[in-house]
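Using my numbering, read the sequence shown as starting at 2 and increasing by one per residue.
Just so it is clear, CB atoms sit at the ideal spot from N, CA and C, and this is done for glycine as well.
These notes are about the structure you will find just below.
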Amino acid sequence: MARRSARALGNVRRPGGRRLAAARPPKSRILAAPRAATDRPGLTPARTGSGRPPAGRPAEAEEEEIGRSSGLRELPSSSSGSLVWDVAEELQGEFHREDLRSARHVRRVTEAFQRNRVGGHHVQSASNGYGIGDLGREVLDAVARDLWGCEAAVVRANIVSGTHAITCGLFGALRPGDVLLSCSGHPYDTLREVVGLEGEGGSGTLVDWGVEYAAVDLVPESGVLDWDAIERGLVATKPAVCFLQRSCGYQFRPTISLAEIRRLVRLVREKGPPGCKVLVDNCYGEFVEEEEPVGPSVGADLMMGSLIKSPGGTIAPCGGYIAGKADLVASAVARLTVPGAGADNGAHLGDTNRLLLQGLYLAPAAVGEALKASRLIAHVMGRVGYEVLPSWREDRRDYVTAVKLGDRGKLLAFCEAVQASSPVGSFIRPVPGETAGYADEVVFADGTFVAGSTGEMTCDGPLREPYAVFCQGGNHWTAWAWALDEVLAKLLRL
Numbered sequence: 002m003a004r005r006s007a008r009a010l011g012n013v014r015r016p017g018g019r020r021l022a023a024a025r026p027p028k029s030r031i032l033a034a035p036r037a038a039t040d041r042p043g044l045t046p047a048r049t050g051s052g053r054p055p056a057g058r059p060a061e062a063e064e065e066e067i068g069r070s071s072g073l074r075e076l077p078s079s080s081s082g083s084l085v086w087d088v089a090e091e092l093q094g095e096f097h098r099e100d101l102r103s104a105r106h107v108r109r110v111t112e113a114f115q116r117n118r119v120g121g122h123h124v125q126s127a128s129n130g131y132g133i134g135d136l137g138r139e140v141l142d143a144v145a146r147d148l149w150g151c152e153a154a155v156v157r158a159n160i161v162s163g164t165h166a167i168t169c170g171l172f173g174a175l176r177p178g179d180v181l182l183s184c185s186g187h188p189y190d191t192l193r194e195v196v197g198l199e200g201e202g203g204s205g206t207l208v209d210w211g212v213e214y215a216a217v218d219l220v221p222e223s224g225v226l227d228w229d230a231i232e233r234g235l236v237a238t239k240p241a242v243c244f245l246q247r248s249c250g251y252q253f254r255p256t257i258s259l260a261e262i263r264r265l266v267r268l269v270r271e272k273g274p275p276g277c278k279v280l281v282d283n284c285y286g287e288f289v290e291e292e293e294p295v296g297p298s299v300g301a302d303l304m305m306g307s308l309i310k311s312p313g314g315t316i317a318p319c320g321g322y323i324a325g326k327a328d329l330v331a332s333a334v335a336r337l338t339v340p341g342a343g344a345d346n347g348a349h350l351g352d353t354n355r356l357l358l359q360g361l362y363l364a365p366a367a368v369g370e371a372l373k374a375s376r377l378i379a380h381v382m383g384r385v386g387y388e389v390l391p392s393w394r395e396d397r398r399d400y401v402t403a404v405k406l407g408d409r410g411k412l413l414a415f416c417e418a419v420q421a422s423s424p425v426g427s428f429i430r431p432v433p434g435e436t437a438g439y440a441d442e443v444v445f446a447d448g449t450f451v452a453g454s455t456g457e458m459t460c461d462g463p464l465r466e467p468y469a470v471f472c473q474g475g476n477h478w479t480a481w482a483w484a485l486d487e488v489l490a491k492l493l494r495l
């Protein structure tokens, strides 16, 4: 496919422009020395019953017996095992703050359910065929709209992925001859073929449809938004849509905050052409900060995401969502179903409504555990000498933690250790291979109950420099603690 040359816009580029430079390799790859055999993990099992030992027995004897019977005091057969639990002890203050954040979101979600009078008839409802009049599906949309403070929302099982939701949003908002300006560099691998940057032409991409595309590079090294270049791009390309990918994807760069999204919205309103829309890929960002990009204090026009990440609470079996301005949601849903039928069609079979409603209710707690795990991963891997992003001290904007391993073998070993620590498929060894939508080979550790669910404990990474592994999810932070024990033990053996 022919590529148009980039206009002279500083850091704005068309397809074929330079990629963000790879960050420097880790300063040190020396793992911490093994701790003495007498060291104990910082967390000890709670007692049952009254907590008092029987008369005549010292408390230490009872605690020792509890430890033997439960196995909770036993660490994996790894000389580095105690390090993870020592770090977890240090992080208890941060974990408490994450619990408080989750509590605020739990209250928000609960109140949205209550305001919309969710009842057992919604939870138990199901539909087939066209899905017309599905009460559970309709109340799910209403709860999401209320919760996120926007004009309209659709939450659907027949959105097959986050990329699918984003694609519906882009095709709904753009028309032939329009310009799409990606303000956070080129988008995630799976979306590049949707735009028309990679793959065969003629498959119905945005470029095939007559949409022009431009991208603004991130600032080299730091990987943050280049505000001057974005302003120049707005003036030069006059885009119909400014697109922002909130999470890092497979780039070693910071996640974009709500404050930055708010700033972009203001810049677009001031410097962009009339009617220019701001669309946000919100994957991994839900329930992390105090509101969402389409909330009243931020002002993005549309956001899209996946239910097998944050908002599905690790139990949604599939699905995605689109939320924001009513006209844009309607246009996006017309791409999902057909013009005219829109949001009135789409059956939710069997137990789908219960799983999606309950998953949304559980989502703040699931995200809270993933955020604790994110801090633990960053602290442990930073402690043993690897470059991590974000650091354990930084405020979270999503729950993805990137660890720059700098070596193909270490990337494979990390994923093998996480897979071996998973509840499903622990006997499987992850093997890198070609995956639809990805230009490079990718290795995945995903021993999950829902296939591909990155709300559960998973990690993955492309086999290219700087050989970074991207860690996410976890139903409870301790699942990642046990996995990190195995990771460190495996890296020590390399």
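Residue 240 sits buried, since 16 or more C-beta atoms from the chains shown fall within 10 Å of its C-beta. Scanning its chain for C-beta atoms nearer than 7 Å, with the 5 sequence neighbours on each side dropped, one finds around residue 435 the residues 442, in chain order. Per the DSSP secondary-structure output, residue 361 pairs with nothing in a beta bridge. In this chain, the alpha helix (DSSP H) harbouring residue 83 covers 82 to 91. Bounds of the beta strand (DSSP E) holding residue 157 are 153 to 157. In chain order, 215, 234, 238, 240 and 243 place their CB closer than 6 Å to the CB of residue 182, counting only its own chain and leaving out the 5 sequence neighbours on each side. Contact between the region 261 to 281 and the region 293 to 307 is present, with at least three C-beta pairs closer than 8 Å. DSSP, read as helix, strand or coil, puts residue 103 in helix. Cβ-Cβ distances below 6 Å link residue 159 to 347 in the same chain, with the five nearest sequence neighbours on each side left out; the list follows chain order. Selection 372, 370 and 393 evaluated against residue 381 yields 393 as nearest (Cα-Cα). Note: residue 213 is bridge-paired with 180 in the DSSP secondary-structure output.
For residue 324, the uninterrupted beta strand (DSSP E) run begins and ends at 321 to 325, by DSSP.
Sequence-distant Cβ neighbours of residue 119 in its own chain, meaning closer than 8 Å and more than five residues away, are 140, 144 and 358. Residue 280: member of the beta strand (DSSP E) spanning 278 to 282, first to last residue.
Where residue 446 is concerned, there is no enclosing alpha helix (DSSP H), although the beta strand (DSSP E) around it starts and stops at 443 to 446. Taking a C-beta distance under 7 Å as the contact criterion, residue 376 and residue 92 qualify as a contact pair. DSSP places residue 310 outside both helix and strand once states are collapsed to three, so it counts as coil. Straight across, the Cα-Cα distance linking residue 326 with residue 295 is about 8 Å. For the 7 Å CB-CB criterion, residue 373 and residue 90 do not form a contact. Counting of Cβ neighbours within 10 angstroms places residue 131 among the exposed residues, the total staying below 16. Residue 420 counts as buried, since no fewer than 16 other beta carbons sit within 10 angstroms of its beta carbon. For residue 239, there is no enclosing alpha helix (DSSP H), as DSSP gives it neither H nor E.
Residue 107 and residue 482 do not touch by the CB rule: their CB atoms are close to 23 Å apart, not below 8 Å.
For residue 190, the enclosing alpha helix (DSSP H) begins and ends at 190 to 196. Between residue 286 and residue 254, the C-beta gap is not smaller than 7 Å, which leaves the two residues out of contact. If you draw a straight line from the Cα of residue 201 to the Cα of residue 117, it is about 46 Å long. Take the alpha-carbon of residue 412 and the one of residue 486: they are about 16 Å apart. Around the CB of residue 133, fewer than 16 other CB atoms lie within 10 Å, so the residue is classed as exposed. Of all C-beta pairs linking the region 384 to 400 to the region 437 to 451, fewer than three are shorter than 8 Å, placing the two stretches out of contact.
In this structure, the straight-line span from the alpha carbon of residue 86 to that of residue 261 is close to 35 Å.
Straight-line measurement puts the Cα of residue 317 at about 5 Å from the Cα of residue 356.
Residue 299 sits in coil when the DSSP states are folded into three classes, being neither helix nor strand.
In this structure, residue 324 lies near residue 149, with their beta-carbon atoms less than 7 Å apart. Contact annotation, residue 123 with residue 354: C-beta distance approximately 7 Å; criterion of less than 8 Å satisfied. In this structure, the straight-line span from the alpha carbon of residue 272 to that of residue 184 is close to 14 Å.
Rounded to whole angstroms, the gap between the alpha carbons of residue 384 and residue 469 is 17 Å.
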